[in-house]
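For the record, the sequence lines run as chains A and B.
Residue 212 is where the first sequence starts when you use this note's numbering, and the numbers rise one by one after that.
Residue 212 is where the second sequence starts when you use this note's numbering, and the numbers rise one by one after that.
2 protein chains.
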Amino acid sequence: MLNTATPITAPTLVRAMAANAAPVSTVDTTAHERASQHVADTLKLLSDQLALQRRVAHAGDVIYQAGERFSHLYILNAGFFKIVNLSPDGREQLVGLKFRGDWLGFDGIANGQYACDAVAMDTGEIWSVRYDALLAACAVRPQLLQVLHAAMSREIARDRDSLMSVCTLPADARVADFLRYWAESLAKRGLRADQITLRMTRAEIGNYLGMTLETVSRALSKLVREEVIVFLDKGRREVHIPDVGALSVFVQRCIAPAVTLQ
Amino acid sequence: MLNTATPITAPTLVRAMAANAAPVSTVDTTAHERASQHVADTLKLLSDQLALQRRVAHAGDVIYQAGERFSHLYILNAGFFKIVNLSPDGREQLVGLKFRGDWLGFDGIANGQYACDAVAMDTGEIWSVRYDALLAACAVRPQLLQVLHAAMSREIARDRDSLMSVCTLPADARVADFLRYWAESLAKRGLRADQITLRMTRAEIGNYLGMTLETVSRALSKLVREEVIVFLDKGRREVHIPDVGALSVFVQRCIAPAVTLQ
DNA sequence: CGCCACTTTGAATTAGCTCAAATTCCGTGG
DNA sequence: CCACGGAATTTGAGCTAATTCAAAGTGGCG
Chain A
212 MLNTATPITA
222 PTLVRAMAAN
232 AAPVSTVDTT
242 AHERASQHVA
252 DTLKLLSDQL
262 ALQRRVAHAG
272 DVIYQAGERF
282 SHLYILNAGF
292 FKIVNLSPDG
302 REQLVGLKFR
312 GDWLGFDGIA
322 NGQYACDAVA
332 MDTGEIWSVR
342 YDALLAACAV
352 RPQLLQVLHA
362 AMSREIARDR
372 DSLMSVCTLP
382 ADARVADFLR
392 YWAESLAKRG
402 LRADQITLRM
412 TRAEIGNYLG
422 MTLETVSRAL
432 SKLVREEVIV
442 FLDKGRREVH
452 IPDVGALSVF
462 VQRCIAPAVT
472 LQ
Chain B
212 MLNTATPITA
222 PTLVRAMAAN
232 AAPVSTVDTT
242 AHERASQHVA
252 DTLKLLSDQL
262 ALQRRVAHAG
272 DVIYQAGERF
282 SHLYILNAGF
292 FKIVNLSPDG
302 REQLVGLKFR
312 GDWLGFDGIA
322 NGQYACDAVA
332 MDTGEIWSVR
342 YDALLAACAV
352 RPQLLQVLHA
362 AMSREIARDR
372 DSLMSVCTLP
382 ADARVADFLR
392 YWAESLAKRG
402 LRADQITLRM
412 TRAEIGNYLG
422 MTLETVSRAL
432 SKLVREEVIV
442 FLDKGRREVH
452 IPDVGALSVF
462 VQRCIAPAVT
472 LQ
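In C-alpha cells, the structure reads:
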C-alpha cells in the first residue's frame, strides 16, 4: 500500500480506438447486441435532444482537471479513460476507469468545479454537453433525466464496490477481481470480454488497487502460473481470460480460510 | 486489513438525537448558523414542494436493505447512519457514514433495487420521498433538481476521497483523517466540531477504514499520547479535538519520509 | 543499435495482522 | 446497592503479507 512512490501521470501508448469500440462477432450475438444497443440508445437520446460537441481524444489528453470551473458533462463514445483524484498534499489516486457509455464530470456539480482529473488512456471519442443545456433538455424529455440519474447511481455503487475490494480482499484477489470487473464491463458494453488490453502500467494498476507495482506484477504472474489468465503478447499487456468464472474462483480461494489439507 | 473477522452489524447504544442535532452556541455563531441554515433551506425546499413522510429511527433500525425494491430516497433530518455494502460471498463493508442533511438511497436508482443496507446508529429523524414524486416536483421547481444533483455529486466526490484515504495513507493517518473528516462534516452542518461521540465500535471503524479493530485502538491510543485528541469519558467514545489542524499535521507527519533526526 | 521506461524476480524489512490475555464498561437482576 | 456476565477495548508478542530495495531482463522507439 501507500502509493506515494511511483507517479501515475505518464501517458500510455496510443492504440486504435477501433480496438475498444469493436463489437463482438461470435456465436452469442444477441446478448452482445442488446448490451451494445443500450449504450447506442442512450447516445442517440442525447444527440436527438441536445447540441453535443464531439471530439477525439488521444492518450494523455486531459478532458478536465481538478479545480477547473465546472460547465460540461462528458459521455464517452469510445476509448478508455482514467479518473485521478489529487489531495492538497500531493498524493494522487486513480479512483475510476471509464469506458464507452460512461459519463464523466459528476464530481463537479456540487462545488462548481471538478474535483479530479479525467485523462484519456488511448484514442477515443468524447461527447460533451453543457450541464445547463442538459437540464433544460431533461425538462422536455424526462427519460433523459432517468438516464442521467442512472449513470450517477451506477457511479456511486461502483465506487463503493471499489472501496469494498480494497478493504476486504488480499492483494492477489484484488488484482483478480479487477480483471473480473474489467471483463464484466466490456461484456456489458457488448465488447469481447475474454481479452483485455491493459492500457495502464503496473504502477497505475497498483495505485488503483492500493498496492505497489511489484505486488501487481507478482499477482499477475501467479494468475498466469495458475492458468487463470494468459498473456498473448511479449509485452504482457494483452490478457486473455479463458474463463471469467475462474477469476471469481481464484478470489474466493484467496479469502477462504487456509484449507487444512487432510 | 481484511475485514472478514469481526461482524459490524451489531446495533449500538441509543442516544438522545438532540446530541447530534443541537446547534453550537459559541462565539462564532454566524458561520455555524449559515451552515445550519443551508441544510434547513434544503429541507424546507423539499417539504414545501412534496409530501414528505417523516419517521423517527432508533439505533439498529434498517432504513432500506440491499436487494429491496427501490422506490424512495431518504433525507436525514437528524441522527447518524451507516451504509453497509454486502458482497455475494458474505463480506460486509461499511462504505459510508451519513449525517443530517445527507441523502440516502441513490444507489438504488440504476438497478431498481438498493445496493446496500442503510442502518441507523442512534435515534434520528428521516424524511422519505417517493423518487417519482421527487422527479415530478423537480419539473416544477428546477432548484430542487440542483439540490438533488449536488447531493449525488458530493457523494461521488466523498466516495473517491475515501478510496484515496484507504489507498494512500498508513493506518494511523487513516484514523486521524477519519476524525478530521468527521469534525469537518459536523462543522459544515453547524454543529460543534471539537467533540465527537463515536457511535461505532472499534470494529466498525476498522471495517470502514480497512484495518483491524486492534489497529484502530492502537492508533487512537497514539493520538491520545501525542495529545492530538482527548477522551472525555471512561468509555473512550467521546473524543475531544482541541485543534482540528493538529489532526492534519499528524496525517502529514505519518506520510512524511522518515525524518533523519540529526 | 542503443536508450529508456517498464516489468519481473529475489531478498530483506516492516506495517499491520492474528492470537492471547487482562481490563473496563455497562446493563441486568438479585 | 452491589454482584455478575457479556461485550468492547486495550495492550503485548509473534507472525505474515506486502512493502522496500536492488538487480536483471525485456520491449518499443528514435
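Just so it is clear, CB atoms sit at the ideal spot from N, CA and C, and this is done for glycine as well.
Which two residues bound the contiguous beta strand (DSSP E) that contains residue i?
i: R311/A; result: R311/A -> no beta strand (DSSP E), and no H or E assigned at all.
Does the CB of residue i have a neighbour CB from chain B at under 9 Å?
i: S364/A; result: yes
i: M332/A; result: no
i: Y285/A; result: no
i: Y419/A; result: yes
i: R278/A; result: Before going further, note that residue 278/A is Gly rather than Arg in the sequence given. By this cut-off, G278/A is not an interface position.
i: A430/A; result: no
i: F317/A; result: yes
i: S304/A; result: In the sequence under discussion, the amino acid at residue 304/A is Gln, which differs from the Ser named in the question. So, interface residue.
i: L346/A; result: yes
i: G307/A; result: yes
Check the Cβ-Cβ distances between residue i and every residue of chain A, and say whether any is below 9 Å.
i: S396/B; result: no
i: H249/B; result: no
i: A270/B; result: no
i: S373/B; result: yes
i: I320/B; result: yes
i: T379/B; result: yes
i: I479/B; result: Residue 479/B lies beyond the stretch modelled for chain B, which goes from 212 to 473, so this question has no answer here.
Along the alpha helix (DSSP H) that carries residue i, what are the first and last residues, could you check?
i: S298/A; result: Segment: none, S298/A is in no alpha helix (DSSP H) and carries neither H nor E.
i: L443/B; result: Unbroken run through L443/B: none, as it is neither H nor E.
i: A347/B; result: Y342 to V351
i: E279/A; result: It is not in any alpha helix (DSSP H) - E279/A carries neither H nor E in the DSSP assignment.
i: G417/A; result: R413 to L420
In three-state terms, what does DSSP make of residue i?
i: A326/B; result: coil
i: A430/B; result: helix
i: H269/B; result: coil
i: I286/B; result: strand
i: G335/A; result: strand
i: P234/A; result: Below a pLDDT of 50, predicted positions are generally treated as unreliable, and P234/A, at 43, falls in that range; the measurement from the model is reported next regardless. The answer is coil: DSSP assigns P234/A none of H, G, I, E or B.
i: I274/A; result: strand
i: G401/A; result: coil
i: T423/A; result: coil
How many angstroms separate the CA atom of residue i from the CA atom of residue j?
i: R302/B; j: V351/B; result: 43 Å
i: R464/A; j: T334/A; result: 37 Å
i: A251/A; j: C378/B; result: 35 Å
i: G307/B; j: E336/A; result: 34 Å
i: F292/A; j: V330/A; result: 6 Å
i: E279/A; j: L256/A; result: 28 Å
i: M422/A; j: A344/B; result: 45 Å
i: I415/A; j: R311/B; result: The identity of residue 415/A in the sequence shown is Glu, whereas the question assumes Ile. Distance between the alpha carbons of E415/A and R311/B is about 37 Å.
i: Q248/A; j: L380/A; result: 34 Å
i: S282/B; j: L359/B; result: 16 Å
i: S376/A; j: D388/A; result: 8 Å
i: A362/A; j: G417/B; result: 30 Å
i: R492/B; j: A262/B; result: Residue coverage of chain B in this structure runs from 212 to 473, which leaves residue 492/B outside it and unanswerable.
i: P234/B; j: R365/B; result: Legend: pLDDT at P234/B = 43, less than 50; position of this residue unreliable, value from coordinates given subsequently. Roughly 23 Å between the two C-alpha positions.
i: F461/A; j: C349/B; result: 46 Å
i: R436/B; j: V441/A; result: 51 Å
i: L297/A; j: Q324/A; result: 14 Å
i: K309/A; j: A398/A; result: 14 Å
i: Q354/B; j: S428/A; result: 49 Å
i: I286/B; j: G316/B; result: 9 Å
i: Q357/B; j: A347/B; result: 14 Å
i: Y392/B; j: A467/B; result: 20 Å
Going by DSSP, name the residue or residues bridged to residue i.
i: H451/A; result: Q406/A and V441/A
i: Q463/A; result: Q463/A pairs with nothing; no bridge assigned.
i: F292/B; result: K309/B and A331/B
i: Q264/A; result: S339/A
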